Amino acid sequence: MKRVAMILALSAIGTLTACGSGSGTRDAADDGAEATPSPEEPVSILRQDIEQPEAPAPQLEPLNTTIGFPEGGSELDAKAIAALETVLASEQLATGAPIVLRAHSDAGGSDDANARASQARGLAVAGWLIDKGVSDDRIDVIVFGEQNPIQPNALPDGSPNEAGRAANRRVEIVISPPVAKGGSAAATPAPAASESAASGD
12 MKRVAMILAL SAIGTLTACG SGSGTRDAAD DGAEATPSPE EPVSILRQDI
62 EQPEAPAPQL EPLNTTIGFP EGGSELDAKA IAALETVLAS EQLATGAPIV
112 LRAHSDAGGS DDANARASQA RGLAVAGWLI DKGVSDDRID VIVFGEQNPI
162 QPNALPDGSP NEAGRAANRR VEIVISPPVA KGGSAAATPA PAASESAASG
212 D
């Protein structure tokens with residue numbers, strides 16, 4: 012009986028040891044599982060229910076074109092008409108912005124004659140644009156006469172500077188589109204020349 016009891020006791024101890032060993036192994040596995048956190052999904056800071064604003068459209072540059080004229084005249088030659096066709100097809104004109112025509116002459120005549128000559132040139136350009144469908148309410152003609160030359164009217168010895176006078180007989184077309192919301196006004200570039208040959212008023 013004592014031997015049987017001892018065997019039973021040893022058997023019980025073995026069973027407990029086996030249970031303890033299995034339990035310890037399971038706990039270690041559980042501990043290892045808990046020690047490895049699962050990766051988290053990245054969270055966007057942008058709210059999906061709010062529409063993001065669009066970037067502002069680029070500001071359209073002002074248009075500056077120069078129309079040249081022959082000596083003493085206000086007729087539009089082929090080169091002048093080609094330049095005006097470019098203005099007519101421009102994005103700037105399509106905006107409906109005001110059109111400023113700065114009319115100039117050389118110093119070949121009296122102040123009154125030069126003023127009349129530059130006015131006639133400005134009106135010639137305005138008339139061409141109006142004939143092409145541009146509203147006359149958009150057009151403003153400013154008459155300068157000989158006051159604002161872009162080149163000297165005379166050479167250092169006092170003789171006429173024919174090339175300079177030809178450059179001064181001109182009408183400058185300026186169209187400045189309105190500034191887009193959130194944009195800034197673009198710098199006004201120098202007028203693009205479209206000169207006609209000759210010399211005089």
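First residue of the sequence shown: 12, per the working numbering; consecutive thereafter. By construction, the Cβ of each residue, glycine as well, lies at the ideal position given by its N, Cα and C atoms. Bear in mind the structure is a predicted one, so any value in this text is a computation, not a measurement.
Along the chain, where does the beta strand (DSSP E) containing residue i start, and where does it finish?
| i | result |
| --- | --- |
| leucine 166 | Element bounds for leucine 166: n/a, residue is neither H nor E. |
| glycine 156 | 150-156 |
Sort out for me which residues DSSP pairs residue i with in a bridge.
| i | result |
| --- | --- |
| asparagine 75 | Val185 |
| isoleucine 92 | DSSP lists no partner for isoleucine 92. |
By a C-beta neighbour count over all protein chains shown, 10 Å radius and 16 as the cutoff for buried, is residue i buried or exposed?
| i | result |
| --- | --- |
| glutamate 157 | buried |
| serine 170 | exposed |
| alanine 91 | buried |
| glycine 133 | buried |
| valine 190 | exposed |
| glycine 107 | exposed |
Keeping to the same chain, check which residues put their C-beta closer than 8 Å to that of residue i; ignore five residues upstream and five downstream.
| i | result |
| --- | --- |
| leucine 99 | Leu140, Lys143, Val145 |
| asparagine 172 | Gln162, Pro163, Asn164, Ala165, Leu166 |
Return yes when the Cβ of residue j is within less than 8 Å of the Cβ of residue i, no when it is not.
| i | j | result |
| --- | --- | --- |
| leucine 166 | alanine 137 | no |
| proline 73 | proline 188 | yes |
| glycine 119 | arginine 181 | no |
| leucine 71 | glutamate 102 | yes |
| serine 116 | asparagine 179 | yes |
| serine 85 | alanine 135 | yes |
| proline 109 | aspartate 147 | no |
| isoleucine 186 | leucine 104 | yes |
Residue range of the alpha helix (DSSP H) that residue i falls in?
| i | result |
| --- | --- |
| isoleucine 141 | 122-142 |
| alanine 114 | Taken as a continuous stretch (DSSP letters only), alanine 114 belongs to no alpha helix (DSSP H), being part of the beta strand (DSSP E) at 110-115. |
| glycine 175 | 173-179 |
| leucine 87 | Taken as a continuous stretch (DSSP letters only), leucine 87 belongs to no alpha helix (DSSP H), as it is neither H nor E. |
| alanine 105 | 102-105 |
Leaving out five residues before and five after residue i in sequence, what residues of the same chain have Cβ atoms less than 6 Å from its Cβ?
| i | result |
| --- | --- |
| arginine 149 | Pro109, Ile110 |
Between residue i and the rest of its own chain, which residues show a CB-CB distance below 7 Å, the 5 nearest in sequence each way excluded?
| i | result |
| --- | --- |
| proline 69 | none |
| phenylalanine 155 | Arg113, Ala114, His115, Ser129 |
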